[in-house]
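Protein chains in written order, with UniProt numbering: chain A, 1 to 334; chain B, 1 to 538.
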């Protein structure tokens with residue numbers, strides 16, 4: 001187990017370096033082709049040249065290689081790795097520390113992730129099990145139909161509709177009414193409210209989890225149907241075990257392995273923040289940070305945050321891989 | 001209170017004139033209302049919420065060169081002086097008691113009011129101004145508004161400019177490198193010339209989060225980046241622009257749609273409507289939306305060294321072939337005002353009949369083209385604009401009108417903003433290019449010199465007319481404001497005859513507000529809503 005984890009941790013290094021290099025190339029090429037982001041901070045009336053030069057130096061954009069299209073700027077890349085290795089993720093164009101901004105926003109995204117995960121796991125697995133057990137019956141058809149709809153709808157449409165219909169049309173009268181409890185109105189809010197750090201994230205969390213919910217329900221269903229036909233289930237039945245034990249103890253545990261794999265990848269995605277959902281509901285999370293940085297062409301933020309997210313993604317995947325062993329005794333890490 | 005608070009200058013969204021929404025402008029209905037029917041009926045007190053885009057910097061104020069930060073800074077700072085938009089004269093409703101110039105307009109003496117302090121109790125003295133201005137002019141500090149200091153003698157050469165001199169505690173003497181009659185008007189751009197407290201100067205980073213100001217409002221809790229800025233009434237304020245509401249919450253949103261939804265939800269009381277939500281809001285709110293003109297000019301510039309744009313008659317013909325009214329109505333939802341001058345209407349000295357070639361007259365356009373001797377047959381005009389800022393539709397509409405009237409084919413070129421600026425700086429445009437300009441200070445000089453003056457800050461056409469430069473210089477040295485404005489207008493006339501740029505329209509803004517607030521108006525000088533005047537209804 002220890003050796004396995006150590007091996008995986010060593011594998012992180014080339015992945016992170018590769019990611020960094022890709023990001024570095026993309027941002028370098030962008031600057032080389034599109035132009036100097038420092039100049040773009042100003043409008044048509046250019047500030048004195050001395051100021052542009054001072055700002056370029058401040059943001060490490062004064063290297064002449066940035067003017068030679070196609071030059072990979074290896075020097076800058078090495079500098080950046082050294083900087084990141086010492087825990088310094090640089091500053092944005094307004095002098096704010098990237099790490100600080102990330103840490104400020106991460107708890108919000110983490111809460112949103114927890115809500116979305118809880119929603120997709122509880123509802124998704126329940127729906128999948130019900131559908132799997134009653135294959136081709138009404139409930140199965142219902143689950144299959146709903147999940148197709150959920151997968152087919154782009155998040156942007158689904159989120160905007162949820163905000164308009166649930167958040168405004170239903171939620172607003174509730175928040176304004178005397179009879180509805182406070183928590184109910186807040187659960188159906190149109191945006192993030194720092195006074196209700198969990199409740200106001202419920203609606204966006206549901207929107208965010210909806211796509212994965214559909215995937216989880218379908219994975220659970222298929223996997224369960226397949227396992228119900230396997231030999232060990234027949235043996236269990238022959239032993240006279242009740243349906244509850246067969247499904248709950250034996251089949252479901254095996255059927256959940258592909259689901260856990262999916263959830264593991266999903267955690268990584270969710271922790272990266274959802275650009276679209278966080279944008280629609282104005283949630284001050286990591287996704288919004290990346291969204292704003294892309295708008296402002298703020299390369300230090302984009303590279304810094306995506307690098308941190310890569311690490312988060314790798315770690316969450318490692319944790320999930322270790323969890324396999326707990327679910328399936330046949331899997332051993334040594 | 002309203003009569004005192006007049007048109008100050010600020011907008012300074014020249015850095016942001018990417019789209020109509022980025023900057024504001026407004027109308028001066030307040031000035032016309034003065035003395036007759038003042039609509040300000042609300043009383044002081046209460047709290048309201050307004051939408052704001054995340055500002056760049058709050059401290060030092062000299063790093064603020066856009067309407068977002070000046071919206072906040074104008075509440076927490078008093079200006080040095082204000083400018084009346086009707087007459088163009090200075091109004092001493094800020095920190096300065098008097099501003100005088102010597103005979104040749106080169107040495108300016110600024111006398112400060114006695115007894116005023118910063119929020120932290122430090123006195124507002126000549127030293128606090130000298131400290132701020134010296135910091136701003138030093139290129140090592142890379143301040144966004146350093147350009148405002150460039151007229152001061154010795155600016156941009158080191159940590160201290162020789163032209164800034166503290167005479168005594170209340171008196172500051174500024175020496176300019178050339179005569180400049182509009183220096184007083186320029187001083188009314190508050191952020192660039194704000195004083196800085198020693199406490200703020202010692203720790204600029206923490207001051208940026210909790211600025212120490214001089215105005216009617218103060219920030220008691222730090223700036224929550226990308227989320228909220230709250231300002232509260234400062235109990236010890238002794239100035240002449242008192243606060244109405246007890247506190248104002250500025251909330252930031254990722255997208256204009258999210259802001260509008262929060263407005264519908266009752267979370268916001270005041271917001272500027274972005275083009276994305278304007279039509280939807282108009283359907284719901286109708287006449288409750290406040291629409292006012294801004295001081296932002298949108299124009300097409302010509303590379304006047306390239307054929308056929310090197311021919312004055314061609315430039316005039318193109319201008320007359322464009323139906324600005326139609327574009328404004330059909331493409332811009334009526335939220336703009338067709339240009340009649342290079343100077344936009346809210347500015348003192350702007351005229352509504354200055355631009356002979358800005359009217360739509362296809363017959364005259366054809367005649368002008370015929371006189372020029374240029375044959376449009378087989379000629380394709382390249383039009384340029386920056387992408388993703390809402391310019392696609394109107395540039396194409398204008399290009400089509402030119403094609404229909406004059407017969408020039410067209411091709412549209414759009415690039416990212418950074419690249420666009422690079423092409424501009426390099427003078428690489430081969431056809432009409434879109435640009436915008438908004439005021440730094442309310443003087444016609446602030447339009448004429450940068451846009452059409454030789455080597456002007458925003459002159460990318462290559463246009464150079466010594467006669468025009470001479471008239472602007474004479475205006476700079478003029479001893480009376482009327483004389484100065486007259487000279488600037490003469491300079492403007494030369495440019496409007498030569499047409500190195502064709503003025504298209506000046507912008508408009510739309511503001512929505514809830515029933516809970518009153519007295520909402522647009523302050524064209526600030527380039528933003530006059531937040532300090534908004535009252536909260538009982």
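Where is the CB? At the ideal position from N, CA and C, for every residue including glycine.
Because the structure is a prediction, the values reported are computed rather than measured.
Residues of its chain near residue i, where Cβ-Cβ distance is below 7 Å and the 5 sequence neighbours each way are ignored
i: residue 202 of chain A; result: 115 and 187
i: residue 309 of chain B; result: 302, 303 and 315
i: residue 469 of chain B; result: 453 and 454
i: residue 98 of chain A; result: 89, 90, 91, 92, 300, 301, 304 and 305
i: residue 488 of chain B; result: 349, 444, 445, 448, 472 and 475
i: residue 267 of chain B; result: 49
i: residue 246 of chain A; result: 233, 236 and 237
i: residue 334 of chain B; result: 328
i: residue 204 of chain A; result: 112, 277, 281 and 283
Contacts of residue i in chain B (Cβ-Cβ under 7 Å)
i: residue 284 of chain A; result: 226 and 227
i: residue 50 of chain A; result: 139 and 156
i: residue 361 of chain A; result: Nothing about residue 361 of chain A can be read from this structure; chain A reaches only from 1 to 334.
i: residue 68 of chain A; result: Going along chain B, no residue has its Cβ under 7 Å from residue 68 of chain A, so there is no contact; the nearest lies around 15 Å.
i: residue 291 of chain A; result: 254
Where residue i meets chain B, residues with beta-carbon distance less than 9 Å
i: residue 32 of chain A; result: The premise fails here: residue 32 of chain A is roughly 11 Å from chain B at the closest Cβ pair, so nothing lies under 9 Å.
i: residue 278 of chain A; result: 254
i: residue 58 of chain A; result: 142
i: residue 36 of chain A; result: 418, 421 and 422
i: residue 270 of chain A; result: Ordered by position in chain B, no residue passes the 9 Å Cβ test against residue 270 of chain A, which lies about 18 Å from the chain.
i: residue 297 of chain A; result: 416, 417 and 418
i: residue 190 of chain A; result: 258, 261, 262, 264, 265 and 267
i: residue 288 of chain A; result: 226 and 254
Euclidean distance between Cα positions of residue i and residue j
i: residue 317 of chain A; j: residue 242 of chain A; result: 35 Å
i: residue 36 of chain A; j: residue 78 of chain A; result: 21 Å
i: residue 274 of chain A; j: residue 290 of chain A; result: 9 Å
i: residue 157 of chain B; j: residue 195 of chain B; result: 21 Å
i: residue 439 of chain B; j: residue 502 of chain B; result: 18 Å
i: residue 181 of chain B; j: residue 106 of chain B; result: 8 Å
i: residue 55 of chain B; j: residue 104 of chain A; result: 18 Å
i: residue 148 of chain B; j: residue 52 of chain A; result: 15 Å
i: residue 341 of chain B; j: residue 433 of chain B; result: 18 Å
i: residue 463 of chain B; j: residue 118 of chain B; result: 46 Å
i: residue 69 of chain A; j: residue 430 of chain B; result: 23 Å
i: residue 505 of chain B; j: residue 484 of chain B; result: 25 Å
i: residue 240 of chain A; j: residue 137 of chain A; result: 26 Å
i: residue 166 of chain B; j: residue 53 of chain B; result: 37 Å
i: residue 354 of chain B; j: residue 496 of chain B; result: 8 Å
i: residue 74 of chain A; j: residue 80 of chain A; result: 10 Å
Whole-angstrom C-beta distance between residue j and residue i, which should lie under 8 Å
i: residue 523 of chain B; j: residue 530 of chain B; result: 4 Å
i: residue 500 of chain B; j: residue 85 of chain B; result: Not confirmed; about 27 Å, so no contact.
i: residue 78 of chain B; j: residue 526 of chain B; result: Rounded, the Cβ-Cβ distance is 13 Å, inconsistent with contact.
i: residue 1 of chain A; j: residue 333 of chain A; result: 5 Å
i: residue 187 of chain B; j: residue 153 of chain B; result: Not a contact, Cβ separation roughly 16 Å.
i: residue 198 of chain B; j: residue 114 of chain B; result: Not really, about 19 Å apart at Cβ, beyond 8 Å.
Closer than 8 Å to chain D by CB, residue i
i: residue 57 of chain B; result: Included in the structure are the protein chains A and B, with no chain D among them.
Where residue i meets chain A, residues with beta-carbon distance less than 8 Å
i: residue 147 of chain B; result: 45, 47 and 48
Within chain A, the residues that residue i reaches when beta carbons sit closer than 7 Å
i: residue 450 of chain B; result: 45
i: residue 264 of chain B; result: 168
i: residue 329 of chain B; result: Those within 7 Å of residue 329 of chain B in chain A number zero; the least Cβ separation is about 27 Å.
i: residue 428 of chain B; result: Under the 7 Å cutoff, chain A gives no residues; its nearest Cβ is about 12 Å from residue 428 of chain B.
Own chain residues within Cβ distance below 8 Å of residue i, not counting five before or after
i: residue 270 of chain B; result: 48, 49, 50, 51, 511, 512, 513, 514, 517, 520, 529, 531 and 534
Partners in chain A for residue i, counting only beta-carbon separations shorter than 9 Å
i: residue 150 of chain B; result: 48
i: residue 305 of chain B; result: Here the premise fails: no neighbours, minimum Cβ distance about 19 Å.
i: residue 458 of chain B; result: 43, 44, 45 and 46
Interface residues of chain B facing residue i [CB-CB closer than 8 Å]
i: residue 96 of chain A; result: 225
Near the ligand GDP: residue i beta-carbon under 7 Å from a heavy atom
i: residue 182 of chain B; result: Only the bare structure without any ligand can be found here, which leaves the ligand GDP out of the picture.
Contacting residues, own chain, Cβ-Cβ under 6 Å from residue i (five flanking each side not counted)
i: residue 183 of chain A; result: 199
i: residue 325 of chain B; result: 338
task = Any chance you could list the alpha helix (DSSP H) runs of at least 4 consecutive residues sitting entirely within the region 353-395 of chain B, in chain order?
result = 362-372
key: beta strand (DSSP E) runs contained entirely in the region 389-436 of chain B, provided each spans 3 or more residues   = As far as the region 389-436 of chain B is concerned, its whole beta strand (DSSP E) runs of at least 3 residues are 409-415.
task = Identify every run of the alpha helix (DSSP H) within the region 67-93 of chain B, keeping only runs that are complete inside it and at least 4 residues long; order them along the chain.
result = 67-76
ask   = Residue ranges of each beta strand (DSSP E) run of no fewer than 3 residues wholly in the region 252-291 of chain B, ordered along the chain?
value = 270-272
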